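Data first, discussion second: the structure below is written as structure tokens.
2 protein chains.
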Amino acid sequence: WVGDEQTGHLRLIDQTRLPTEFIEIDCRDVPTVWEAIKLLRVRGAPAIGVAAGYGAVIGARSQGVKDEGTVRKALAEATAYLRTSRPTAVNLFWALDRMDAAAAATPPSNGPALLKRLLHEADAIAEEDRAMCRSIGKFGAELVQAGEGILTHCNAGGLATADYGTALAVIFSAQEQGKHVHVFADETRPLLQGARLTAWELQRRGVPVTLICDNMAAQVMKERKIQKVVVGADRIAANGDAANKIGTYGVALLAKAHGIPFYVAAPSSTFDLSIADGSAIPIEQRDPQEVTHGFGRQTAPAGVSVYNPAFDVTPAELISGIITEKGVIRPVNAGTIREVLAG
Amino acid sequence: WVGDEQTGHLRLIDQTRLPTEFIEIDCRDVPTVWEAIKLLRVRGAPAIGVAAGYGAVIGARSQGVKDEGTVRKALAEATAYLRTSRPTAVNLFWALDRMDAAAAATPPSNGPALLKRLLHEADAIAEEDRAMCRSIGKFGAELVQAGEGILTHCNAGGLATADYGTALAVIFSAQEQGKHVHVFADETRPLLQGARLTAWELQRRGVPVTLICDNMAAQVMKERKIQKVVVGADRIAANGDAANKIGTYGVALLAKAHGIPFYVAAPSSTFDLSIADGSAIPIEQRDPQEVTHGFGRQTAPAGVSVYNPAFDVTPAELISGIITEKGVIRPVNAGTIREVLAG
């Protein structure tokens, strides 16, 4: 966020342009924030939550701030609209709920004061996200031994959060502790977040990283190059079933087949205790062109049928532990989840 | 092969240009054949063998055909050179051995007669390949139930052989028998043979096909859309361990986790009984740029380390059966393999 609540705006790295271009976009209206979320310019469950919070601030002032009722109405419209951007990551809804609740909890005063309160709430979401990353990194790094090979899928790094990530926070924190690790990054088709974002983040921070195609993970595990898998999550059900980028479930099965521990790193805001298990998590289906024209060139015959789910659900029994900012949930079940989240 | 042994040439579909362009290349010298194999213009273990056989004919006449000794010497040089094109598929070496053996078995006569004999041998390799495809299709189709969903990885179709393939022969043959099947084709990074070639072949022959990214296979299996996996092979050891396109081993593990039968379809020429198990199969490592600059655009940060093995080895215990032109080997072990191959 750049500037004050009245005239400031949200500045995002356009993640669709990385790694070849580093371009920042300034969001000054709600449709631009909505589009940034929809088109994955900003992505990663925690980062979507932070962006949505600031998007709500931008929306709240969009009809003028003199009249408090107008601000409240504009906020409600903005949060309702932003909810339609993407369906799977629960942090989006969690952050928008917080913005609505903050407004509801603010006693009647005036428009500018309410807007200030809303920016304060969005800042709090971002600030808590930063603290959450550090805490996840600290708890996760305790699980890592020096010299280990760690496989990750998609991007759960700084780009996916307000600070240095969830899954990658574990790696960055281990590195800060002097535990040299080597990361294998799945490229993560169709949108290549692993190749474009994870490899870029790790390289920038000096962590040794080897890029592989998704279908090479089993072979790398067989060669005993991987001692742990650490991934993020977009929504976790009450029993520990975890939705994350498509391919995660397969990696979890391969890890089990090779006896490799599989960890999920995610903040408490990723848990959706209102759903009993993963079968109730909505899975976003995305445009076939992501698969058929993924690299700027047509790579499949015209008119071919494509199945393109953006996420899958890894059942709790394949997850060795969930690393949260409140501690590590292990073993993963409804009881241990409630316990750790209760703090 | 177009024309006679003296002036004819080898015509290949340039598979690197599919599916957007259908371009045939005419090979009139050995370096062009070598390059076509190396750069995957022609690919698929049986097709490489066929191309190498004709490449040997082109090489044998390259120094003139008047003198028989010159033809023999030129043949030996050509087969030695063509052996260096790719390391994993055993059919390459098998076909070149046949060409050398054919020359050795030809009594001294004259250059033109020897050359005619060599073209006859190359034609025989191609003809046997066509018969092999039909036979594999017939045996394999018996395993397929009407209405099944079949997952395949990479391309073991008509483009990979002289006729209608190995793994895809099973599908085409089942289709000819009126067993409607639905194929899920892994796109098969890094070179997308599934997206570019398998989807194209199936679409052309009217077989319903859905393209998925490699990392979606586990999810599609979980949704019970797959009843069988059928893939090809590049080299099979005496115990049944099978080398095939990178990612095959992972698919086999995922199939096992979901209780789905996993079949390999491959001709007897793919077996290398000289090696006891898969650990002795050399695995080709290919250019990192295939991963970082897959399709005309840079998709990973400059200078990133890449691991790019072209093949992996699926252990025999994960293979439900091997479909050969001589019958189905099931269960897969050294004894059943010897038995079926002995005919």
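From first to last, the protein sequence lines are chains A and B. Sequential numbering of the first sequence, starting at 3, is according to our numbering. Sequential numbering of the second sequence, starting at 3, is according to our numbering. Backbone N, C-alpha and C fix where the C-beta goes; we use that ideal spot for every residue, glycine too. Please read these numbers as outputs of a predicted model, since none were measured by experiment.
Just the chain E side, please: which residues come within less than 8 angstroms of residue i by C-beta, in chain order?
i: Glu-189/B; result: Among the protein chains of the structure shown, namely A and B, there is no chain E.
Is the Cβ of residue i closer than 8 angstroms to any Cβ of chain B?
i: Phe-297/A; result: yes
Do we get a CB-CB distance below 8 angstroms when we pair residue i with the residues of chain A?
i: Thr-22/B; result: yes
i: Val-306/B; result: yes
i: Gly-261/B; result: no
i: Gly-10/B; result: no
i: Tyr-56/B; result: no
Could you please give the first and the last residue of the uninterrupted alpha helix (DSSP H) stretch that includes residue i?
i: Thr-212/A; result: Not the alpha helix (DSSP H): Thr-212/A falls in the beta strand (DSSP E), residues 211-214.
i: Lys-140/B; result: 113-143
i: Gly-55/B; result: 47-62
i: Ile-39/B; result: 32-40
i: Thr-294/A; result: 291-294
i: Val-172/B; result: 169-178
i: Gln-205/A; result: 201-206
i: Met-218/A; result: Neither: Met-218/A is in no alpha helix (DSSP H) and is coded neither H nor E.
i: Tyr-166/B; result: That residue, Tyr-166/B, is in no alpha helix (DSSP H); it is neither H nor E in DSSP.
i: Phe-95/A; result: 92-107
i: Val-44/B; result: Looking at the DSSP string, Val-44/B is not in any alpha helix (DSSP H), and its letter there is neither H nor E.
i: Ala-82/B; result: 70-84
i: Leu-193/B; result: No alpha helix (DSSP H) contains Leu-193/B, which DSSP labels as neither H nor E.
i: Leu-343/A; result: 336-343
I need the boundaries of the beta strand (DSSP E) containing residue i, first residue and last residue.
i: Val-330/A; result: 329-331
i: Asp-28/B; result: 26-29
Residue i: buried (16+ other C-beta within 10 angstroms of its C-beta) or exposed?
i: Thr-326/A; result: buried
i: Asn-241/A; result: buried
i: Glu-129/B; result: exposed
i: Gly-4/B; result: Note on identity: in this sequence residue 4/B is Val, with Gly being the wrong assignment. Exposed: under 16 other Cβ atoms inside 10 Å.
i: Gly-305/B; result: exposed
i: Thr-41/B; result: Position check: residue 41/B holds Leu in this sequence, whereas Thr was assumed. Exposed, since its Cβ has fewer than 16 Cβ neighbours within 10 Å.
i: Lys-247/B; result: buried
i: Gln-177/A; result: buried
i: Ala-106/A; result: exposed
i: Asn-310/B; result: buried
i: Glu-189/A; result: buried
i: Phe-24/B; result: exposed
i: Asp-131/A; result: buried
i: Pro-333/B; result: exposed
i: Pro-109/A; result: exposed
i: Gln-195/A; result: buried
i: Gln-205/A; result: buried
i: Glu-319/A; result: exposed
i: His-155/A; result: buried
Which residues does DSSP list as the beta-bridge partners of residue i?
i: Leu-153/B; result: Phe-186/B, Val-231/B
i: Val-146/A; result: Val-146/A is not bridged to any residue.
i: Gly-323/A; result: Tyr-265/A
i: Val-4/B; result: His-11/B
i: Val-308/A; result: Leu-213/B
i: Asn-1/A; result: No information on residue 1/A is available, as it lies outside the stretch 3 to 345 that chain A covers here.
i: Ala-239/B; result: Asp-274/B
i: Gln-287/A; result: Pro-311/A
Using a Cβ-based criterion (distance less than 7 angstroms to any ligand heavy atom), does residue i qualify as near the ligand COA?
i: Ala-169/A; result: With respect to the ligand COA, the structure shown offers nothing to examine, as it has no ligands at all.
_Under 8 angstroms (Cβ pairs) to chain B, residues found in the segment 194-224 of chain A_ = Leu-194, Ala-197, Arg-198, Ala-201, Trp-202, Gln-205, Pro-210, Val-211, Thr-212, Leu-213, Ile-214, Cys-215, Asp-216, Asn-217, Met-218, Ala-219, Ala-220, Gln-221, Val-222, Lys-224
*Compile a chain-ordered list of the residues in the segment 310-331 of chain A whose CB is closer than 7 angstroms to at least one CB of chain B.*
Pro-311, Asp-314
*Using a Cβ-Cβ cut-off of less than 7 angstroms, list which residues of the segment 232-259 of chain B approach chain A; keep chain order.*
Ile-248, Gly-249, Tyr-251, Gly-252, Leu-255, Leu-256, Ala-259
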